[in-house]
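**Student:** Chain order of the listed sequences is A and B. Residues 1 to 221 in the working numbering are what the first sequence lists, from first letter to last. Residues 1 to 212 in the working numbering are what the second sequence lists, from first letter to last.
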Amino acid sequence: MAEIIQEEKAKGGKKKAKKHAPHIDMTPMVDLMCLLITFFMLTTAFAKAKVMEIVLPEKIDDPNQRQPAVAKSRTVNIILGPDDRIFWYPGSVEPAEYNSNIFPPLAELDYSDKGIRQLLLDKNRTLARKIADLNDKVIKGELVLTQDSLAGSIRKLKTDDDTGPIVLIKAYKKASYGNFVDIMDEMNICGIARYNFVDIAWYEDKMVELAVGNAPATSTN
Amino acid sequence: MPKIKLPTKSPRIDMTPMVDTFCVILTFLMLTATMRQTEPANVDTPFSISEKPTPDFNTITFLVSADEKVFINMDNGPDTAWKFRPKILTEMGKRYGIEFTEAELREFEKYPSSMGVPIMKMKEFLAGKNIKDRNPFQVGIPTDSLDNQLAMWILCARQVNPNINACIKGDANAPFPAVKKVLDNLQDKKVNKFMLITSLEAIKINIDEIQQ
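1. I'd like to know if threonine 43/A contacts chain B, where contact means its C-beta is closer than 9 Å to some C-beta of that chain.
2. Check proline 95/A in the structure and name its three-state DSSP category.
3. Roughly how many angstroms lie between the CA atoms of alanine 127/B and glutamate 99/B, to the nearest whole one?
4. I need the straight-line Cα distance from lysine 50/A to lysine 206/A, nearest angstrom please.
5. I'd like to know whether the C-beta atoms of aspartate 148/A and leucine 127/A end up nearer to each other than 9 Å.
6. Give the DSSP bridge partners of tyrosine 89/A, in chain order.
7. Which residues mark the beginning and the end of the alpha helix (DSSP H) in which glycine 170/B is found?
8. Could you tell me which chain A residues have their CB closer than 8 Å to the CB of phenylalanine 22/B, listed as they occur along the chain?
9. Taking only beta-carbon atoms, is cysteine 156/B less than 9 Å away from chain A?
10. With 9 Å as the C-beta to C-beta threshold (strictly closer), list the residues of the segment 78 to 108 of chain A near chain B in chain order.
11. With three or more beta-carbon pairs closer than 8 Å as the criterion, would you say the segment 163 to 170 of chain B touches the segment 51 to 71 of chain B?
12. Rounded to the nearest angstrom, what separates glutamate 138/A and threonine 159/A at their Cα positions?
13. Could you pull the DSSP bridge partners for valine 55/A from this structure?
14. Identify the contact partners of threonine 198/B in chain A, using a Cβ-Cβ distance below 9 Å as the criterion.
15. Might you give, ordered along the chain, the residues of its own chain that have their beta carbon closer than 7 Å to the beta carbon of glutamine 6/A, omitting 5 neighbours on each side?
16. Please specify which runs of the alpha helix (DSSP H), each continuous and at least 4 residues long, are wholly inside the segment 67 to 146 of chain B, giving them in chain order.
17. Report the neighbours of asparagine 188/A on chain B: residues whose CB is nearer than 8 Å to its CB, in chain order.
18. First and last residue of the beta strand (DSSP E) that includes isoleucine 39/B?
19. Going by beta carbon distance, what residues of the same chain come within less than 8 Å of asparagine 58/B, once the five residues before and after it are set aside?
20. Going by beta carbon distance, what residues of the same chain come within less than 7 Å of proline 46/B, once the five residues before and after it are set aside?
21. Taking C-beta pairs closer than 9 Å, name the residues in chain A that valine 19/B reaches, listed in chain order.
22. Give, in chain order, every unbroken run of the alpha helix (DSSP H) that is at least 4 residues long and sits entirely within the segment 95 to 177 of chain A.
23. If you measure between the beta carbons of aspartate 84/A and glycine 213/A, is that distance less than 9 Å?
24. Using a threshold of 9 Å, state whether the C-beta atoms of leucine 196/B and valine 181/A are closer than that.
25. Taking arginine 194/A as part of the beta strand (DSSP E), name the residues at either end of that continuous run.
26. Cβ of valine 64/B less than 9 Å from any chain A Cβ?
27. Just the chain B side, please: which residues come within less than 8 Å of tyrosine 177/A by C-beta, in chain order?
28. Flag this pair as touching only if the segment 129 to 142 of chain B and the segment 24 to 31 of chain B have three or more C-beta atom pairs under 8 Å; answer yes or no.
29. By DSSP, does valine 182/B sit in helix, in strand, or in coil?
30. Does any residue of chain B have a CB that is nearer than 9 Å to the CB of valine 167/A?
31. Could you give the first and the last residue of the continuous beta strand (DSSP E) run that contains valine 64/B?
32. Work out the CA separation of valine 191/B and methionine 80/B for me, nearest whole Å.
33. Taking Cβ positions only, does asparagine 161/B come closer than 9 Å to chain A?
34. Along the segment 189 to 204 of chain A, where does the CB come closer than 8 Å to a CB of chain B? Name the residues.
35. Evaluate arginine 155/A with the Cβ neighbour count: other Cβ atoms within 10 Å of its Cβ, from every protein chain shown; 16 or more gives buried, anything less gives exposed.
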């Protein structure tokens, strides 16, 4: 019995000690954490950069090998000019023409959706509509496709297409890299099936120079 | 009846839940953080609608600044044990008759961002202790036909890691011929597929316009 009483006494003593439980002030800790979070938020690169894949035609080293011929009626030549200007002409320039210094005039466009995009969509109407229809169906739920098979079907539509334009992209020496990415992007936006980046020919250089030289004169008139 | 007066004590806010949430956020940020690298040149990437993320591994990135300097960067591979970077440097050293020490290779392996150092100056560059010491060496990789170190870097990188992808990170205002030079060098080494690093831009096409 005496033992039990002793125990109770001991418990009572402990309780008294607990009464003054130390209250830790957390504020500095919170301050510090706020600081660290801010630091990490600012240094973290959340949005990863995106990539755009392009494939360029293989260089032809063999002089006997010729560039693949393209149908003239479907060809659209886009030339990236200086100062963010962009020009285009249809078809091609025949050797007889450029040898006698006759260059077809270049039409000027701009990078807005009323300029180059309008042209490309006009030329590429059938294919663009097919792709838009397919996308529409998937969005509305009429057609259930996974993202992969949707991309696959779009690719199929593109390879089957034989009416759309064949776009040849050429860069004048004063074009900027941003222009190049913009035009490649435009190809993706408009769903152009066949496009390629090719080296600019000397007569096309001349055509750009003519067009650029003419532009200030026409604007003052 | 007299009102019961409550003792006017400043209320003590219990900070514990706040600390808990902060801890969680902090841990999350620490684990997901990939430090933003400071590139030797400021590059504003152009915009595109592409939504494909940049691959984490097997990349060799060419940074083309607005003033036509070229810098390169590559990763160590999916596992740090692969040690692609030091291997590429050793290979480069062999071609130019420079032998790099173990310490220099390690320094090269952990260098966090792009480099634009001519190989002859690489030893001095790696000996530098901080960015201030090193930055004067970042003059861009020589690309002219007499001393085309860029082509050599591509060759060595592809020898060490055949699966390497070529990424190009150019400034939107960089003149196109500077980028073309890099593309040409890559094509000479039979690389025809490139990844252009861009920032995402939302573009809406007016469907009615197409369907007219």
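Note that the Cβ used here is the ideal one computed from N, Cα and C, for glycine as well.
**Tutor:** Let's see:
1. yes
2. helix
3. 14 Å
4. 36 Å
5. no
6. Asn77/A
7. Taken as a continuous stretch (DSSP letters only), glycine 170/B belongs to no alpha helix (DSSP H), being part of the beta strand (DSSP E) at 165 to 170.
8. Val30, Met33, Cys34, Ile37
9. no
10. Leu80
11. yes
12. The sequence shown places valine at residue 138/A, not glutamate. So the alpha carbons of these two residues sit roughly 20 Å apart.
13. Lys193/B
14. Ala49, Lys50, Val51, Met52, Val181, Asp185
15. Any reading at glutamine 6/A must be qualified, since the residue scores a pLDDT of 49, below 50, and its modelled position is unreliable; the value itself is stated next. Counting only Cβ-Cβ distances below 7 Å, and skipping sequence neighbours, we find nothing.
16. 84 to 96, 102 to 110, 122 to 127, 131 to 134
17. Ser48, Ile49, Ser50
18. Checking the sequence, you will find glutamate at residue 39/B rather than isoleucine. Where glutamate 39/B is concerned, there is no enclosing beta strand (DSSP E), given that its DSSP letter is neither H nor E.
19. Asp75, Gly77, Pro78, Asn161, Asn163, Ile164, Asn165
20. Ala172, Thr198
21. Met26, Met29, Val30, Met33
22. 95 to 99, 116 to 123, 125 to 140, 147 to 160
23. no
24. yes
25. 194 to 197
26. yes
27. Pro46, Val64, Gly170, Asp171, Ala172, Asn173, Ala174, Pro175, Phe176, Ala178, Val179
28. no
29. helix
30. no
31. 59 to 64
32. It is worth fixing the name first, because residue 80/B is threonine in this sequence and not methionine. Cα to Cα, the separation comes out at about 25 Å.
33. no
34. Ile189
35. exposed
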